[in-house]
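Visitor: In this note's numbering, each residue carries its 1-based index in the sequence shown increased by 4.
All residues carry an ideal CB built from backbone N, CA and C; glycine is no exception.
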Amino acid sequence: MKRYPSQPTTLSERGQFVVMWVRGKSARTIARETGVNIKEMTDFQSVESITRHLPCRHATLLLTDGRQDVEAVRAPQGVTFFQVEGDHLSGNATLETIVDEIRQLGAAWHCLVVVVVSDDPAFLAAFAHLSLRRHALRWSTRILVLTRLPLSHLGGLHGLLSNRNAMLLRVQGTTISRFSSAPTLTVAIEVLPYHRLSWVNDADAPGGRRLEFKGYVDNIVRHFAKALNFTPLYTLSPERTFGTRLSDGSWTGLIGMVVRQRGDCRPPVLNEGARTCGETMKRYPSQPTTLSERSMFVSMWIGGKSARTIARETGVSPSTVCRWINRWKQEGNVDNHKPLKIIYAV
Numbered sequence: 005m006k007r008y009p010s011q012p013t014t015l016s017e018r019g020q021f022v023v024m025w026v027r028g029k030s031a032r033t034i035a036r037e038t039g040v041n042i043k044e045m046t047d048f049q050s051v052e053s054i055t056r057h058l059p060c061r062h063a064t065l066l067l068t069d070g071r072q073d074v075e076a077v078r079a080p081q082g083v084t085f086f087q088v089e090g091d092h093l094s095g096n097a098t099l100e101t102i103v104d105e106i107r108q109l110g111a112a113w114h115c116l117v118v119v120v121v122s123d124d125p126a127f128l129a130a131f132a133h134l135s136l137r138r139h140a141l142r143w144s145t146r147i148l149v150l151t152r153l154p155l156s157h158l159g160g161l162h163g164l165l166s167n168r169n170a171m172l173l174r175v176q177g178t179t180i181s182r183f184s185s186a187p188t189l190t191v192a193i194e195v196l197p198y199h200r201l202s203w204v205n206d207a208d209a210p211g212g213r214r215l216e217f218k219g220y221v222d223n224i225v226r227h228f229a230k231a232l233n234f235t236p237l238y239t240l241s242p243e244r245t246f247g248t249r250l251s252d253g254s255w256t257g258l259i260g261m262v263v264r265q266r267g268d269c270r271p272p273v274l275n276e277g278a279r280t281c282g283e284t285m286k287r288y289p290s291q292p293t294t295l296s297e298r299s300m301f302v303s304m305w306i307g308g309k310s311a312r313t314i315a316r317e318t319g320v321s322p323s324t325v326c327r328w329i330n331r332w333k334q335e336g337n338v339d340n341h342k343p344l345k346i347i348y349a350v
């Protein structure tokens with residue numbers, strides 16, 4: 005990892021410092037491997053501050069729910085490893101036993117570091133509840149919770165984090181969220197130029213045959229299907245079009261299929277139908293913009309329309325359109341944005 009010594013450290017780098025330190029590396033080794041200047045970092049940002057505030061010979065306790073593989077864990081003075089099988093808990097008896105052992109270790113060892121690793125909100129909430137109820141964690145005990153869960157799923161940790169010497173570290177991976185069950189999603193499509201539609205025999209499909217859709221849109225859908233872990237099943241709208249809004253407020257085409265829940269989603273394609281859909285939108289100028297509307301601003305701007313034209317067709321003030329387009333451009337060099345990334349925002 006190449007960086008400037010005076011460059012401010014990020015949250016992910018600070019988390020990496022803690023993980024490397026828990027695994028037994030010294031502050032000097034971490035600074036050398038990460039390129040961070042140990043003398044110029046502030047107390048909060050440096051690994052040196054973590055080890056400096058631990059003058060005693062501390063013991064590290066690692067607690068996991070068994071869903072993560074732990075290959076090797078090292079600590080300067082030793083480590084205790086507890087694994088609780090979350091799928092085989094009987095009235096939390098196993099977890100209660102572990103919490104009692106943590107209390108005994110805390111009483112016998114005056115400087116204890118507890119590292120809890122889990123992506124199960126029920127496991128984390130149960131650990132926090134039992135730890136507080138059984139007085140297992142003293143103020144001198146340092147607690148580090150490592151998880152990939154969003155903050156909305158961590159409400160059960162509020163009491164533990166606010167009443168004990170605890171820190172929460174959310175490890176954000178580079179991959180996006182995926183379906184765990186690999187579902188089959190119905191993708192509503194329309195007839196597009198340079199695309200081929202045909203029926204093929206498929207014993208697993210409803211009716212024994214499946215609609216095959218070939219073209220660049222299919223390549224995009226397959227890309228997201230692989231990334232999100234789902235199987236696409238194409239269905240053609242009765243009108244074979246994107247759809248138009250009728251006088252009674254209903255929709256035809258593939259948009260109508262999605263609205264009536266006859267389709268799970270549609271391919272994010274920019275075409276004449278999508279432009280017409282944007283023109284028929286009625287909204288109040290002071291109404292807050294949604295994520296899909298902001299993505300539509302960018303899509304229409306990429307298509308060559310000015311901010312004034314986009315504002316007139318969508319009913320949004322020109323300043324709002326310019327603000328979101330400029331914010332999108334500031335994320336990186338516009339010339340380097342791939343079409344797939346642009347479409348993904350839609």
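(1) With 16 as the cutoff for other CB atoms within 10 Å, does PHE183 come out buried or exposed?
(2) Apart from the five residues just before and just after VAL195, which ones in its own chain have a Cβ nearer than 8 angstroms to its Cβ?
(3) Determine, using beta carbons only, whether ARG353 and ALA192 come nearer to each other than 9 angstroms.
(4) When the Cα atoms are used, what is the spatial distance from CYS281 to SER156?
(5) Helix, strand or coil: how does DSSP classify PRO236 here?
(6) Taking the straight line between their C-alpha atoms, what separation do you get for ALA315 and LEU164?
(7) Classify MET261 as buried or exposed, calling it buried when 16 or more other Cβ atoms lie within 10 Å of its own Cβ.
(8) What ranges does the beta strand (DSSP E) occupy inside the stretch 150–234, keeping only unbroken runs of at least 3 residues that lie completely in it?
(9) Which first and last residues belong to the beta strand (DSSP E) in which VAL121 is found?
(10) Using the Cα positions of ARG174 and ARG152, report the straight-line distance between them to the nearest angstrom.
(11) Given this structure, state the Cα-to-Cα distance separating LYS309 from VAL325, to the nearest angstrom.
(12) Kindly indicate which residue of THR188, HIS199, ASN223, ILE34 has the alpha-carbon position closest to the one of THR235.
(13) Is the CB-CB distance between SER144 and ASN169 below 9 angstroms?
(14) Which class does GLU141 belong to by DSSP, given the choice of helix, strand or coil?
(15) Answer with buried or exposed for SER122, where buried requires no fewer than 16 other C-beta atoms within 10 angstroms of its C-beta.
(16) Confirm, please, whether the CB-CB distance from VAL118 to LEU150 is below 9 angstroms.
(17) Taking all protein chains shown into account, do 16 or more other C-beta atoms lie within 10 angstroms of the C-beta of GLY39, making it buried, or fewer, making it exposed?
(18) Assign VAL320 to buried or exposed, taking buried as 16 or more other Cβ atoms, counted over all protein chains shown, within 10 Å of its Cβ.
(19) Sorted by chain position, which residues of the same chain lie with C-beta nearer than 6 angstroms to LYS218's C-beta, five sequence neighbours on each side aside?
(20) Using a threshold of 9 angstroms, state whether the C-beta atoms of THR256 and GLY267 are closer than that.
(21) Within 10 angstroms of its Cβ, does LEU141 collect 16 or more other Cβ (buried), or is it exposed?
(22) Can you find the residues in the same chain that come closer than 7 angstroms, C-beta to C-beta, to GLY336, ignoring five residues on each side of it along the sequence?
(23) Name, in chain order, the residues that DSSP records as bridge partners for ARG249.
(24) Beta-carbon within less than 8 angstroms of ARG226's beta-carbon, same chain only, minus the 5 sequence neighbours each way: which residues are those?
(25) If LEU161 and LEU172 are in contact, beta carbons under 8 angstroms, what's the gap, nearest whole angstrom?
(26) Determine, using beta carbons only, whether VAL221 and ARG214 come nearer to each other than 9 angstroms.
(27) Which of the three DSSP states, helix, strand or coil, is assigned to ARG264?
Guide: Well, looking at it:
(1) exposed
(2) LEU201, LEU240, ARG244, THR245
(3) This structure cannot speak to residue 353, because the chain is shown only from 5 to 350.
(4) Summary for CYS281: the model assigns pLDDT 49, below 50, so the residue's position carries little reliability; its value from the coordinates is reported in the next sentence. Taking the straight line joining both Cα atoms gives about 34 angstroms.
(5) strand
(6) 49 angstroms
(7) buried
(8) 170–174, 188–193, 200–205, 213–218
(9) 116–121
(10) 5 angstroms
(11) 11 angstroms
(12) THR188
(13) yes
(14) A small fix is needed here, since residue 141 is Leu in this sequence, not Glu. Here LEU141 sits in coil by DSSP.
(15) buried
(16) no
(17) exposed
(18) buried
(19) ARG200
(20) no
(21) buried
(22) Residue confidence for GLY336 is low, a pLDDT of 43 falling below 50, so the modelled location carries little weight; the figure read from the coordinates is stated next. If we look at GLY336 and ignore the five residues flanking it on each side, it has no Cβ neighbours.
(23) TRP255
(24) PRO236
(25) 7 angstroms
(26) no
(27) coil
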